Every structure is written in C-alpha cells, then in structure tokens.
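Using this note's numbering, you'd call the opening residue of the sequence shown number 8 and step up by one each time.
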Amino acid sequence: MGGFAVKAADLYELVRAPAALTAVGDTVAGSAAAGQRLRGRRWALPLASMAFYWAGMAVNDWADRELDAVERPERPIPSGRVSAQAAFRTGGVLTAAGLGLACLGGGQRSLRVAVPLAASVWAYDTVLKGTPLGPCGMSACRALDVLLGAGGRWREAAPAAAALAVHTMGVTALSGGEVHGGSPRTAGAALAGTAVSTGLALYGRASRSAHRVAALAFGACYAAAVGTAQYRALESSSAARVRAATVAGIQGMVPLQASVAARHGAVRTAALLAGAVPLARRLVRKVSPT
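Written as structure tokens, this is what we have:
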C-alpha cells in the first residue's frame with residue numbers, strides 16, 4: 008500500500024484527528040494574551056496549529072513503526088492499513104500546509120515562529136522522543152504554538168506559553184509509562200507541573216472582574232480534572248492509570264487554554280474552546296489521542 012492510497016478512517020486514526028482540538032487553543036490563548044484579536048485572515052493560525060499537530064502524529068507513527076509492531080500492533084502502520092511511505096508523506100504535506108496557513112494568517116511574523124515550530128515537531132518525533140530531552144522538546148513545540156498566535160508580541164504571550172509548556176512537559180514525561188507503567192516520582196512531578204501551570208494561567212491582572220471569575224472557573228476545571236488523574240497515577244503508577252492520566256492531560260490543555268484566554272478578555276472564545284471538551288471525549292472513545 009504505497010503513496011496516498013489510504014482509507015479516510017485509517018488516516019483519521021493515524022493523525023489522531025480529534026486530539027487536534029487541543030492544539031487550536033494554543034494560538035487562541037497566545038492571541039488573547041498578546042492582545043491580538045483573531046479576525047479575518049488571523050483565523051488561519053488555529054488551522055495551522057491543527058495541521059502541525061496532525062503532521063506530528065503522522066511522523067510520530069512513521070518513526071515508531073518498528074516499536075509499535077511489538078507494543079501496539081493494532082496501529083495503522085504495523086497493522087498494514089497505512090504504509091510507512093504514506094505516513095511520512097502525510098506528515099510532510101501537513102507540515103507544508105501548516106507553514107502556508109501560518110503565512111496566510113500572520114505573514115512573516117508568524118513564519119518566524121512557524122518554521123522553528125515545524126522543525127521542533129520533526130526533531131521531537133525523529134530524534135528527541137524517548138531521550139531525556141524528549142519532554143523538553145515537546146514542551147518547546149507547545150510554547151512555540153502559543154507564540155504563533157501572538158502576532159510578534161512574544162513577550163506579552165510568554166506567560167501563556169510557559170503555562171502550556173510546563174503542562175506539556177509533565178504530560179510527556181508521564182506518558183512514557185503508558186505501556187509498561189510509570190513511577191511515582193514522574194507522576195508527582197507532573198502533578199507539581201499542573202499546579203505551576205494553573206498559577207501561570209491565573210497570575211496577572213484582568214481588565215474586568217468577570218474575566219477573572221471566568222478564568223478561575225476554567226482554571227479550577229483544569230486543575231481538578233488533570234490533577235485528580237495524575238494523583239491516581241501517583242498512588243499507583245500502573246500502565247492503565249498512567250494512560251488515563253495522559254489522556255486527561257491532553258484533554259486538560261483545553262480548559263487551561265480557556266483560562267488564559269478568559270483572563271485576557273476573550274471569554275466567549277474561551278467558552279467555545281471549553282465546549283469542545285465533551286466532543287473530544289466522545290471522539291476519543293473511537294480514536295485514542297496517545
């Protein structure tokens with residue numbers, strides 16, 4: 008099975024399509040934090056985030072095809088439903104699409120972030136994953152994705168980028184135990200990271216009390232959902248609990264992004280982001296995000 012002769016359902020599974028909902032909020036949060044409204048062509052930036060996320064998933068499975076043949080033979084490549092060549096080409100096409108959408112949405116300023124973001128995605132999947140630098144590489148991808156929405160006002164969006172980066176580092180480190188189980192130390196570090204990310208999302212002024220209240224509500228939802236799952240993994244770091252905490256961490260990115268956006272005044276957009284969580288949970292039952 009070569010080229011792009013791939014069934015839509017298999018491609019959907021390859022790129023973990025539903026999980027890309029967690030990437031849309033990166034540029035939304037970065038835009039709100041930088042005081043840059045998403046309007047007109049700038050709405051292409053969240054689409055760029057989705058394209059980069061899907062590209063990362065395709066390249067991830069291409070790079071892990073031999074390991075998956077042993078540990079997860081049901082995945083698209085080892086099961087024979089998608090060829091390695093098709094997965095690699097899919098990653099390349101989606102990366103190019105992400106760069107094109109970033110240029111459309113923000114011009115040269117966005118490309119200055121999109122190019123290193125694309126490079127970071129590929130570097131993580133092909134070189135850094137599985138090494139001590141893996142969590143740092145993945146957190147860099149998330150931070151750059153947040154900055155992609157900042158429209159060049161990167162200093163203003165830095166706290167938001169840090170919140171997502173810290174969260175991502177913990178989730179990535181914990182996810183290493185999805186198959187064989189993890190360690191209480193890693194789960195504890197991830198839980199501490201969740202506390203730090205909550206603080207970073209909520210710290211700072213809000214122009215209105217309603218914005219502060221909304222941010223607190225979204226932040227509380229994030230901390231409760233992610234923190235509870237990570238605490239359970241701390242009590243017993245079995246593979247099942249680590250997988251559950253990893254899924255909770257991936258889905259928890261949305262309320263964290265919503266908290267950042269709401270504190271900076273984008274309450275309606277934050278509510279739309281949060282509204283995607285139930286949909287993501289239903290879709291995850293069919294396609295695992297991990």
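Glycine residues also receive a C-beta, built at the ideal position from the N, C-alpha and C atoms. Please read these numbers as outputs of a predicted model, since none were measured by experiment.
Here S127 really is in contact with C148; their C-beta atoms are around 5 angstroms apart, less than 8 angstroms. In the assembly as shown, Q92 is an exposed residue. Its beta-carbon has fewer than 16 other beta-carbons within 10 Å. For S216, the enclosing alpha helix (DSSP H) starts and ends at 216 to 242.
In the structure shown, the three-state DSSP call for P80 is coil.
For secondary structure counted as the alpha helix (DSSP H) over 4 or more consecutive residues, the segment 28 to 81 holds these complete runs in sequence order: 28 to 40, 51 to 70, 72 to 78. Excluding sequence positions up to five before and after A180, its CB lies within less than 7 angstroms of the CB of P142, T193, A196, A197, all in the same chain and listed in chain order. Shortest Cα-Cα distance from V153 to any of L54, G256, A255, A94 involves L54.
Burial state of S243 is exposed, judged by a 10 Å Cβ sphere holding fewer than 16 other Cβ atoms. S266 is not a Cβ neighbour of A217, given a cutoff of 8 angstroms.
Boundaries of the alpha helix (DSSP H) around R270: 260 to 270. Setting aside the 5 residues that flank it on each side, G156 is surrounded in the same chain by T34, G37, S38, L52, each with a C-beta closer than 6 angstroms to its C-beta; the list follows chain order.
Assigned with DSSP and collapsed to three states, P139 falls in coil, not helix or strand. In the same chain as D75, and ignoring 5 residues on each side of it, the C-beta atoms closer than 6 angstroms to its own belong to R82, P85, in chain order. When Cβ pairs closer than 8 angstroms are counted between the two stretches, the segment 110 to 120 is seen not to touch the segment 132 to 142, the count staying below three. Just measuring C-alpha positions, the residue of F225, V249, S190 sitting nearest T276 is F225. Under the Cβ criterion (8 angstroms, minimum of three pairs), the segment 17 to 29 counts as touching the segment 250 to 262. Of the other Cβ atoms in all chains shown, fewer than 16 fall within 10 Å of the Cβ of E78; this residue is therefore exposed.
Only residues of its own chain outside the window of five on either side were considered, and among them A51, L52, L54, A55, A58 have a CB closer than 8 angstroms to the CB of L108, listed in chain order.
Around A268, the same chain offers V35, A36, A39, T276, A277 as residues with beta carbons nearer than 6 angstroms, after the five sequence neighbours per side are excluded. Within the segment 169 to 217, the alpha helix (DSSP H) runs of at least 4 residues that lie entirely inside it are, in chain order, 191 to 209. The C-alpha of G159 lies about 22 angstroms from the C-alpha of Y210.
Under the DSSP assignment, S127 falls in the alpha helix (DSSP H) whose first and last residues are 91 to 130. By the CB criterion at 8 angstroms, A65 and G98 fall inside the cutoff. For A252, the closest C-alpha among the options P262, Y238, Q264, Y19 is that of Y238.
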